[in-house]
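Colleague: Numbering (the numbering used here), first residue to last: -5 to 385. Using N, Cα and C, we set each Cβ at its ideal position, and we do this for glycine too. Below is the structure I would like to discuss, written out as C-alpha cells.
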Ligand SMILES: Cc1cc2nc3c(=O)[nH]c(=O)nc-3n(C[C@H](O)[C@H](O)[C@H](O)COP(=O)(O)OP(=O)(O)OC[C@H]3O[C@@H](n4cnc5c(N)ncnc54)[C@H](O)[C@@H]3O)c2cc1C
C-alpha cells in the first residue's frame, strides 16, 4: 500500500496549509473568546472549492474522494487552525454528502451547487436529550397529513443552526415497535431554514465556541412531503452512508489538531530554559513527545487506509471496520499528544495566549462526538472481533 500523495493532492494540501497559516492560532483564539462564527475563514475555503471536493461535477464539485477531503481537513487543522476548521468543514460537507447519496434530482439541483460552493450550510439534527448514543430512541415525530408532514419534538446539541440554510432533521414516522425492523420507522427531512416553528437556545459549552450548539424546539412544523430525503421509514439506513465519512474526517481533524499542538510543544521545549538547560533536553519531556509523534504517524496511516477503502468500496464491511478503528486510534493518539503538549508548557499551558488549553478542550470533543470512543469499541468488539453485543 502506498499512501504518498499525488501531485494534485499535494497541491490541495499546500493550499490548505496556506489558508491555515493565514487564519492561524490567534484568529481562532479571538473567535473563541468572542464566541464569533468564523465566516471569513469558511468563505475562503468555500472559494477554494473545498466544500465541493466530493460533489459531482454537474453540481459544481470536483467529484473527488474522501481521501482528498481527509488530507485537506488534516492540513487545515495542523497548519494553524487546530480544531476550529474541523467542525465548520465537516458540517459543510455532511448535508452535501447526504443529499448526494439520497436526494432526488430536484433536491440535488436545489441544494448541491450552493453547498459545493460553501454558500449554503446544512445543520444536522439527530441527537435528543434521551437519544445520543442510543439514537434509535428519538421521539421527534413527523405525522403525515395529506401531502404534508406535521413535525413536533425537540433536539439537543444541534450545532450551527443559526448560520445554516437547511436542516437535515431525523424524525420518527412510526412509533417504536410499529416497524418490522429495530432501525425502521425513522425518516430524514431536508428543511429550508429559517422556520417559525423551529426555535433554538444556545447551550453554553466547554469549547468550540465559534459554533453555537443548541437546544432546538420543533412545534407543529408543517413541511411538504417533497422535504423527505430518501425513503420514508428508511432514514436510519440512509444515515449509515454518511457515518463512516464523518468518523474518518473527525479522525483527520483530531490528528491535525494534535500535530499542531505537538509542533508548538516541540518548539517550546527547544527554547524554554529551566535549570540552565532547554527542557527538551530532559527525557521526561522528550520521550512523551517522541512517543506521541510516533503514535500520531501510525494513526494517520490508519486514517488514510480507511479513507482509501471508503473511496474504493463505500458501504462495505471492511471500509466500515476501518473507519471505526481509524476514529478510535486517531482520537486516542491525539488526546495523548495534546496532553503531553500541554504539560510541556507547564503553567503557560493554562494561559490562553499559548493556545494549548484551547486545543486540549477541542480534542475532548472528538472523544465524544459524533460517536463516543466507547461506541467505536463496541463496534470493533462486535463487528470485527465477533464478540456478543453487550447492550
Ligand atoms: C459540542 C457538541 C456538538 C454536537 N453537535 C451535534 C449536532 O450538530 N447534531 C447532533 O445530532 N448531535 C450533536 N451532538 C451530540 C453528540 O452526537 C452526542 O452528545 C453523542 O452522540 C453522545 O450522546 P450523549 O451525549 O447523549 O451521551 P449518552 O448517550 O448519554 O452516553 C453517556 C456515556 O455513556 C456511554 N455509553 C452509553 N451506552 C453505552 C454502551 N452501550 N456501551 C459503552 N458505553 C456506553 C457513552 O459512550 C458516553 O460516554 C453534539 C455534541 C457536542 C458535545
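#1: Specify the secondary structure class of residue 138 as computed by DSSP and reduced to three states.
#2: Quick check on residue 116: does DSSP put it in helix, strand or coil?
#3: Check whether the Cβ of residue 264 sits closer than 7 Å to any heavy atom of ligand 1, and report yes or no.
#4: Is residue 368 near ligand 1, going by C-beta to nearest heavy atom under 7 Å?
#5: If you follow the beta strand (DSSP E) that residue 165 is part of, which residue opens it and which one closes it?
#6: Mind checking whether the beta-carbon of residue 206 lies closer than 7 Å to any heavy atom of ligand 1?
#7: Compare the Cα-Cα distances from residue 134 to each of 121, 265, 381 and report the closest residue.
#8: From the DSSP secondary-structure annotation, give me the bridge partner or partners of residue 150.
#9: Using DSSP with H/G/I as helix, E/B as strand and the rest coil, what is residue 329?
#10: For ligand 1, I want to know if residue 128 counts as a neighbour, meaning its beta carbon is within less than 7 Å of at least one of the ligand's heavy atoms.
#11: When DSSP builds the beta bridges, which residues end up paired with residue 196?
#12: Check whether the Cβ atoms of residue 217 and residue 143 sit closer than 8 Å, and answer yes or no.
#13: Is the segment 253 to 273 touching the segment 302 to 311 in the sense that three or more CB pairs, one from each, lie closer than 8 Å?
#14: Please report how far the alpha carbon of residue 337 lies from the alpha carbon of residue 295, in whole angstroms.
#15: Is the segment 0 to 9 touching the segment 125 to 140 in the sense that three or more CB pairs, one from each, lie closer than 8 Å?
#16: I'd like the list of long-range same chain contacts for residue 299, defined as Cβ closer than 8 Å, with 5 residues on each side in sequence excluded.
#17: Please identify the residue among 158, 150, 256 whose C-alpha is closest to the C-alpha of residue 212.
#18: Evaluate residue 138 with the Cβ neighbour count: other Cβ atoms within 10 Å of its Cβ, from every protein chain shown; 16 or more gives buried, anything less gives exposed.
#19: If you draw a straight line from the C-alpha of residue 214 to the C-alpha of residue 184, how long is it?
#20: Can you tell me whether residue 174 is helix, strand or coil according to DSSP?
#21: With a threshold of 16 other CB atoms inside 10 Å of the CB of residue 197, please say whether the residue is buried or exposed.
#22: By the 10 Å Cβ neighbour count, where 16 or more other Cβ atoms means buried, how is residue 346 classified, buried or exposed?
Modeller: So, from the data block:
#1: Residue 138 falls in the strand class under three-state DSSP.
#2: Reduced to three states, the DSSP call for residue 116 is strand.
#3: No, ligand 1 has no heavy atom inside 7 Å of this Cβ.
#4: Yes, since a heavy atom of ligand 1 falls inside the 7 Å radius drawn around the Cβ of residue 368.
#5: Unbroken beta strand (DSSP E) run through residue 165: 160 to 166.
#6: No - ligand 1 has no heavy atom lying nearer than 7 Å to the Cβ of residue 206.
#7: Checked all of 121, 265, 381; the closest Cα to residue 134 is 121.
#8: Residue 150 pairs with 209.
#9: Helix.
#10: For residue 128, the CB falls within less than 7 Å of some heavy atom of ligand 1.
#11: Paired residue(s): 208.
#12: Residue 217 places its beta carbon less than 8 Å from that of residue 143.
#13: Remark: fewer than three beta-carbon pairs, one from each stretch, lie closer than 8 Å, so the segment 302 to 311 and the segment 253 to 273 are not flagged as touching.
#14: Distance between the alpha carbons of residue 337 and residue 295: 26 Å.
#15: At 8 Å Cβ cutoff, the stretches do not touch.
#16: In the same chain as residue 299, and ignoring 5 residues on each side of it, the C-beta atoms closer than 8 Å to its own belong to -5, -3, 316, 320, in chain order.
#17: With distances taken between Cα atoms, residue 212 lies closest to 150.
#18: By the 10 Å Cβ count, residue 138 comes out exposed.
#19: Residue 214 and residue 184 have their alpha carbons spaced roughly 16 Å apart.
#20: Of the three classes helix, strand and coil, the one that applies to residue 174 here is coil, per DSSP.
#21: Counting C-beta atoms within 10 angstroms of its own C-beta, residue 197 has fewer than 16 neighbours from the protein chains shown and is therefore classed as exposed.
#22: The residue is exposed, with fewer than 16 neighbouring Cβ atoms inside 10 Å.
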